[in-house]
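Comments concern the structure below.
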Amino acid sequence: MRQENYYLETELRSYFSTNPGLFQFIEQAASDGIWYWDLENPEEEWMNAQFWRTLGYDPNIMSHTPRSWQQLVHPDDLSPLLDDAEKALKDPLFKFERNVRYRHQKDYWVRVRCFGIVLKDEAGNNTRMLGGHRYLGAVPDSTKLQLPEDFLHHLLPNLPGESYKYRLYPDGSDEFSFFSPGVKAIFGIPDDINTITETHEIWKAVHPEDVTKLETAIQTSADNLSLFQLEWRIRTNLITKWISTTAQPHKNNDGSVEWYVFVSDITDRKKAEAALHTQLHMQETLREISTQHISQPLEDAGVTINQALDVIGRFVNADRVYIFDYDFKKQTTSNTYEWCAEGTEPEIDNLQDVPMSLFPDWLTAHLNGEVMHIPNVQQLPHNGLREVLEPQGIKSLLAVPMYQGDRCAGFVGFDSVKSYHVYTKQEMEFLRLSAQVLVNILSYTEERAKLLASQQELQKLTQNVPGAILKLQMTPEGKFSVPFLSEGARRLIPNLNLDQVQNNLEELLLHIYHEDLSGFYHNLLISSEQLSKFYMEYRVRAQAETLRWHRIDMRPEREPNGVITWYGIVLDVSEQKEMEQIKNQHRELKDKYNEVENFAFIASHDLKEPLRTISSFSRLLKKQYKDQLDKNANEYLQFISDGSIRMSKLIDSLLEFSRLGKNSTQEYINCESVVRAIMSDYDTILQETNAKITFSGLPEIRGYPIEFRQLIQNLISNAIKFRKQDEQPLVHLSAEPHENGWLFAVRDNGIGIPKEHQERIFEIFSRLHSRKDYEGTGIGLANCKKIVDLHNGDIWVESAPGEGSTFYFTIPHQE
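Below you can see the structure in the form of structure tokens.
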């Protein structure tokens, strides 16, 4: 049952009493129902009368509880709707808006757009949820091809707003039918006409700027059988109205699509939106004025105030805007700031120390907090204020008092010189707010001037930014306090309560890791006794179980009253600690790497000695006992000799691999000279293989000359070795600038490399071919990779079998 003066309705209307325009906007936006839910008492929810009328129910018998409407929601829609409400309560950025099916009192389903916002108290707690409904139309029975006509005739009288039926045929023709009386009035349709197939006259009523938008919306809805929903304008008898149309399309057997369209006149809502937009624009203007002043240097305060007067004056089309200060001791008032529109003469010099006795009524109004509004100066009586205003050419005037607390400090005036101006209630409210903003600016300017005296202390606190700056004090009795701790502390310890830290150092120390806490206390006491610098790195629990490293650096001073004051900074040095750890790990890895290289160097020497023995004795056996050994024995000796030679080459290659980068220093390398020298050394091989080497764009770089030459030599050697038997080997070397260095390319027309092996070839002892086909140890490309790594570069290959290979490597600029 409905209750008279239900508390939620009373509360909501009181909430909007200070802003009726906003309440009107909400009523228009939610024209089919408003709801207001008490989150502190979840079983209490107010729904306005239109909420129930839209669904066909008598508002007087419906109760103010969530259950009263939830039992009407389609079972498939209730759970998602409640889930969305829960998301809106948890996430301020979540937009609560969903289409929901309700059971109409006439026992059919209707679709409603439900939307809402969460309201919070000053502490940020959820207290209320405010929302509304927009009716979207009836939901046809899915078992029928179309809504019966008697259903439509029954439905139309029970719906808010107006309705009509629209049909679009496959050939593009259309017709209107089943017009409600209001729709006939809107479009100028005679009462005796119920169906129109010649629709051009109706379309002529559509605002020209909305025709294309309306046609597109209809066609999209027809093509996709999607909800048709559009706000558009119509023009009848030189009057423009806004209407909102909503309908669900239905496709007939003949291919036509029809809509049962619900129409709402939203002209008032649009006007409310425009008024709200103007109000928001006013608020944004005031915000910009305040923000701009805060960011300006103190010495530019006067300029900023004049700029604010300029913005306010232009907003309300005033010709002159000014500020007067009241001096109640001298009983005078003086013009302190003034802005004039183009063509308006300034009066500031003529309006100094004006006696208050000239305008007693004006002064009385201001002392009572009232605005002085004079729409027409010529209607004022003579021998008074009129004689002050008329010489200034003022036709209309508005003077708004400025209050600092309970004291009337002066006023802001707005003159209309070129034409008369009767200020609206909305303009007056804006100018009241503007006056308060100007008061705040003036007060803020005064406070900033006072703060100049404390800049020396502030400088001590801000020297060591970034981080959190602090001021720590200890009384002679040993009591600690933190008079100042900057906002940067919240970044260091997100859950830190700055207000509690101010008088309770323990609140800050609670976050220090327990293993470091005693050391912190010990060092702090030593600093207080010796007046020495307090410097320490310690761990804190910033969030949950996460440990971060902090560094505190403070210097103490003893004041005349015995209080010791530290000024300092706290920094998060976790990343530096991690870098130190990485450097230590790198140093350890480097030491181990050197050990491995030394082992390879020693092992290679030790392995060669038994190889020499094996090779020598195999040669002696072959020489002295060749005739006494059979064919198989001689073949076995040859295998031993060949194996010894290969093993010796492998050991030499391993030794060479381990020596790469040792005892080398960087020098400038002329890459072209390196290639020419290699070509000279390879002259015999080039003639034997008919190979041709070319190069272009090779730069001068800084690097390791011996290793770099070996890199180029290995790549050229491989290009010649893995050549095609029936084609002249061609090798081309080139380079081009690349990021912070050079990109080199060695291109050949050889046998190519399968894609699946293009990474493996850079591994040590990796071979793709048998020794019978191609000689080698499998270390050459591993050497190349190590040399490129030595230069902090990358190496890779692009190739395909039978199409040659291009080896790329980068050499960054070396410091």
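Under the numbering used here, the letters of the sequence shown match residues 1 to 815, in that order.
By construction, the Cβ of each residue, glycine as well, lies at the ideal position given by its N, Cα and C atoms.
Since the model is a prediction, treat every value here as computed from it, not as a measurement.
Backbone secondary structure at residue i - three-state DSSP
| i | result |
| --- | --- |
| G519 | helix |
| H586 | helix |
| K425 | helix |
| N632 | helix |
| G697 | coil |
| K330 | coil |
| P360 | helix |
| R723 | coil |
| D820 | The requested residue 820 is not part of the displayed model; the chain covers only 1 to 815. |
| G182 | helix |
| S716 | Rather than Ser, the amino acid found at residue 716 in this sequence is Ile. In this structure, I716 counts as helix in the three-state DSSP scheme. |
| Q352 | coil |
| P391 | helix |
| F96 | strand |
| A308 | helix |
| N317 | coil |
| S416 | strand |
| V563 | coil |
| L155 | With a pLDDT of 49 at L155, under the threshold of 50, the modelled position of that residue is not reliable, and the figure given next carries that caveat. Three-state result, L155: helix. |
| G384 | coil |
| A399 | strand |
| Y7 | helix |
| Y625 | coil |
| K251 | strand |
Same chain only: Cβ atoms within 6 Å of residue i, ignoring 5 sequence neighbours per side
| i | result |
| --- | --- |
| K106 | G56 |
| L442 | none |
| M536 | N523 and I552 |
| L508 | V501 |
| H74 | R101 |
| W37 | E45 and M129 |
| A800 | G752 |
| Q725 | none |
| F722 | G750 and I751 |
| A341 | D319 |
For residue i, the residue or residues it bridges with in DSSP
| i | result |
| --- | --- |
| P737 | W742 |
| E175 | R167 |
| T245 | L230 and V263 |
| H133 | C114 |
| L470 | L485 and G568 |
| Q404 | R407 |
| P812 | G741 |
| A138 | V110 |
| V731 | I693 and D748 |
| I552 | M536 and V570 |
| I795 | F809 |
| Q543 | T546 |
| H373 | L398 |
| L119 | R128 |
| I34 | G132 |
Cutoff 8 Å; reference residue i; Cβ partners in own chain excluding five residues on either side
| i | result |
| --- | --- |
| N690 | Q728 and P729 |
| L119 | N126, T127, R128, M129 and L130 |
7 Å CB neighbourhood of residue i in its chain, flanking five on each side removed
| i | result |
| --- | --- |
| I701 | I669, C671, W742 and I811 |
| Y169 | S256 |
Would you be able to state if there are at least three C-beta pairs under 8 Å between the region 108 to 128 and the region 57 to 69? no
Only counting runs of 3 or more residues, tell me where the beta strand (DSSP E) segments fall wholly within the region 39 to 75, in order along the chain. 45 to 47
Decide if the region 371 to 379 is in contact with the region 335 to 352; the criterion is three or more beta carbon pairs, one per stretch, under 8 Å apart. Output reads no: the region 335 to 352 does not touch the region 371 to 379.
Pairs of beta-carbons, one from the region 800 to 807 and one from the region 743 to 761, closer than 8 Å: are there three or more? A contact exists between the region 800 to 807 and the region 743 to 761.
Contact between the region 83 to 94 and the region 65 to 75: three or more CB pairs below 8 Å? no
Whether or not the region 576 to 583 and the region 491 to 501 are in contact is what I'm after, with contact meaning three or more pairs of Cβ atoms, one per stretch, closer than 8 Å; do they touch? no
Below 8 Å, can you find three or more Cβ-Cβ pairs linking the region 304 to 319 to the region 426 to 438? yes
Touching by the beta-carbon criterion (3+ pairs, under 8 Å), the region 473 to 480 and the region 550 to 570: yes
Determine, using beta-carbon pairs with one atom in the region 352 to 366 and one in the region 322 to 337, whether at least three such pairs fall under 8 Å. Yes, they touch.
Could you tell me whether the region 705 to 716 touches the region 783 to 801, using the rule of 3 or more Cβ pairs below 8 Å? yes
Do the region 176 to 194 and the region 212 to 231 make contact, defined as three or more Cβ pairs closer than 8 Å? no
Three Cβ pairs or more, each shorter than 8 Å: is that satisfied between the region 376 to 391 and the region 400 to 410? In short, these stretches do not touch, since the Cβ pair count stays below three.
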